[in-house]
DNA sequence: GTGAATTATGCAAACGATTGCGGGACTTTA
DNA sequence: TAAAGTCCCGCAATCGTTTGCATAATTCAC
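Chains as they are written, first to last, in the working numbering: chain A, 32 to 373; chain B, 32 to 373.
Have a look at this one:
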């Protein structure tokens, strides 16, 4: 602004070449002579020519932008994922348009539609905890490639980038069992969360492996997944005089809430009760005792999500239409970080 | 895309109207008869017509997207800011392209240029802690409106959205003084950080107001601003047998590091030493004792940043060129949250 | 020295939407 | 009945870039 941006036409007028020659010269087309290329490229540099993105998008019908939908940005884990996406997309020459659904399915739907209207080449989607109806996703999928990450659903036939929640939870539980813990509480997440379900399955498998029988009293369930809820549930168990020697919580926040409750009742961690969380968020090293937790490779999720989406974009671009590749599921390994709480 | 997107031309062919009539009918132009409008709008809805963003951008020479550059996403405060931006921009019909500079001036410069190439209408910029040379920003400012937020510089003549760091620090320090604390440590941030400087000034003013003289021994300085650094500095002071009865840290992380050091030395908080941080991050309620901290309205910063940038965009659009409005500085109030640590 | 191949460039349509201008059909006014 | 006004609508240019095709100039082979 100030003054208008330089265009191909400007260059063409200054140099006496046609616009098409300028265009080709700038992209080193073999039809153009070295001399001409040189002149054009020099002038372009001198005048700081910047190709008009919109015009290119219009012509090439690709916007080089990727939409990202995330339920909650205010989590360490989310930031890590976004970070990976930012870095990888930058490397690949794509822009990222990021929006937050705040765990509202309606907003999710709206954002999805909006992104498609505003012309993104593809979308990275992590579902709301409350997304039950998935029609809007299926519909969106008809218009542009979608890759699911972290919070996924097996009802949506898209490539999925997730962590191996089941094995992560299995290892965490086994870690507790190996210490001789027998009465291991599992604080469950909400019911229709894919991840929460997998973590529960991991817990169950570990118990089964070691022939510990499942005690429903030891498996309270969160309404919302947060610190307060962890505290509340553990308080309840204590006041019901339910006995336990370990707690594995579906989430770090819940685990931290649990720790707070235990400390309030002067229960010694990890001597009397060991605690393990899930996510390895920053808080794990701030709470005392430091919380053992299952680390999820958020940054890598971000990277992979971009990678796989771009693969699909390239395929779609070659074949000139959305193809129904059999969706893959990429499961990333978790890593149990042992700390003072266990 | 399976099948091509519907265009105005498609509608025009189906209905027998010209493309221009279709265009006008869709935007409720008064030149078009009710009947025609109805027909067009019906068919558009039925076929799910989506105007081509790139074409509109090209024609209107505005992309309806805003670039956001942030030094570090992995902070509660950053997430809050981004959140505010996301919500406000959405409300105003703008998209957000977000990138992270990782506190690298080179990357900052590169991202800035890239955003301008890729055609954003305006940019929201929070500077790197290491940005000394600001030429790239001034240069970018010639091409598109920039609003600075949070980490700003007074050398750049742009509108600034910041919190009132000085008053925040002043109040925090006064709070400590009011409790009878006399030997108040201030753990300083890096030297050329605008915010850190202001916080230090607030600290100094409070001391001056209460006629406490400044003791350089009580003002250690961070290399990098993090937990470890806080611990290290406090450990040093203790081993040097420097006496103090309160610590005000430039950042929550530093304050948390300080608390860890104090606890390790069995110093009772807040009885022997009170601690106050800055930012009111999530960790403040996880560390024990809970940390008193200066709350910064991150979400509001995000909102305001978008608001003021859009104001400038509208002005620029009216006057058809970048105008040098005298840049305003919007200072948002902070709020001291008192907790157990003081 | 003629035809073919190569090299370098320009023409013009296309991408999809917007908009100033012009004009036909119809109604109103004097 | 002629002039003026109103209402609807289409033509065509435009935004900046890309690209298939045509064309002109030059070179090569025989």
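The C-beta atom is built at its ideal place from N, Cα and C for all residues, glycine as well.
Kindly say whether residue 319(A), judged by its beta-carbon, lies nearer than 9 Å to any beta-carbon of chain B. True, the Cβ-Cβ gap to chain B drops below 9 Å.
Are the beta-carbon atoms belonging to residue 100(A) and residue 120(A) less than 9 Å from one another? no
Can you list, in chain order, the stretches of the beta strand (DSSP E) that have 3 or more residues and sit fully within the segment 197-259 of chain A? 215-218
If we ignore side chains and look at the alpha-carbon of each, how far apart do residue 184(A) and residue 68(B) end up? 41 Å
Three-pair Cβ contact test at 8 Å for the segment 57-75 of chain B versus the segment 132-145 of chain B: Fewer than three Cβ pairs drawn from the segment 57-75 of chain B and the segment 132-145 of chain B lie within less than 8 Å of each other, which leaves the two stretches out of contact.
Suppose you measure from the CA of residue 46(A) to the CA of residue 38(A); what does that come to, to the nearest Å? 13 Å
For residue 40(B), I'd like the list of residues in its chain whose CB is within less than 7 Å of its CB, leaving aside the five on either flank, ordered along the chain. 50
Measuring only between beta-carbons, confirm whether residue 180(B) sits less than 9 Å from chain A. no
Using the Cα positions of residue 70(A) and residue 250(B), report the straight-line distance between them to the nearest angstrom. 59 Å
DSSP three-state label for residue 279(A), please. strand
According to DSSP, is residue 39(B) helix, strand or coil? helix
DSSP on residue 33(A), reduced to helix/strand/coil? Confidence is the limiting factor: at residue 33(A) the pLDDT is only 48, short of 50, which leaves the residue's position unreliable, though a coordinate-based value still follows. Coil.
Looking at the C-beta of residue 131(B), does it have a partner C-beta in chain A at a distance below 9 Å? yes
Where the segment 48-65 of chain B meets chain A: residues whose CB sits under 7 Å from a CB there: none
Residue 367(B), DSSP secondary structure in three states: strand
Residue nearest to residue 307(A) in terms of C-alpha spacing, selected from 275(A), 48(A), 203(A): The option with the nearest alpha carbon to residue 307(A) is 203(A).
Contact set between residue 334(A) and chain B, taken where Cβ atoms lie within less than 8 Å: Those within 8 Å of residue 334(A) in chain B number zero; the least Cβ separation is about 14 Å.
Residue-level contact to chain B via CB, residue 83(A), 9 Å cutoff: yes
Counting only beta-carbon atoms, is residue 167(B) nearer than 9 Å to chain A? Chain A contact via Cβ: absent.
Determine whether the Cβ of residue 95(B) lies closer than 9 Å to any Cβ atom of chain A. Answer yes: the Cβ-Cβ gap between residue 95(B) and chain A drops below 9 Å somewhere.
Just tell me which of 235(B), 268(B), 241(B), 220(B) has its CA closest to the CA of residue 252(B). 220(B)
Since residue 68(B) meets chain A, which of its residues come closer than 8 Å, beta carbon to beta carbon? Those within 8 Å of residue 68(B) in chain A number zero; the least Cβ separation is about 21 Å.
Tell me, which residues are paired with residue 180(A) by DSSP? DSSP lists 192(A) as partners of residue 180(A).
Could you check if residue 244(A) is buried or exposed, using at least 16 other CB atoms within 10 Å of its CB as the buried criterion? exposed
Proximity test, Cβ basis, 9 Å: residue 113(A) and chain B: yes
Examine chain A for any beta-carbon lying closer than 9 Å to the beta-carbon of residue 38(B), and answer yes or no. no
Step through the CB atoms of chain B and report whether any lies within less than 9 Å of the CB of residue 128(A). yes
Residue 175(B) and residue 151(B) look like a contact to me (Cβ under 8 Å); what is the Cβ gap, rounded to whole Å? 7 Å
Give the secondary structure of residue 105(B) by DSSP, where H, G and I count as helix, E and B as strand, and everything else as coil. In the three-state scheme derived from DSSP, where H, G and I count as helix and E and B as strand, residue 105(B) is classed as coil.
DSSP bridge partner residues for residue 306(A) (one or two, in chain order): 278(A)
Would you please verify whether the beta carbon of residue 107(B) is less than 9 Å from any beta carbon of chain A? yes
Taking only three categories from DSSP, how would you classify residue 162(A)? coil
Closest Cα partner of residue 229(B) within the set 196(B), 214(B), 254(B): 196(B)
Against residue 148(B), what residues of chain A qualify as contacts under a CB-to-CB distance less than 8 Å, listed in chain order? Within 8 Å Cβ-Cβ: 81, 82, 84.
Partners in chain B for residue 155(A), counting only beta-carbon separations shorter than 9 Å: In chain order: nothing, as chain B lies at least about 13 Å away.
Counting only the same chain and skipping the five closest in sequence on each side, list residues whose C-beta sits under 7 Å from that of residue 80(A). Contacts found: 37, 42.
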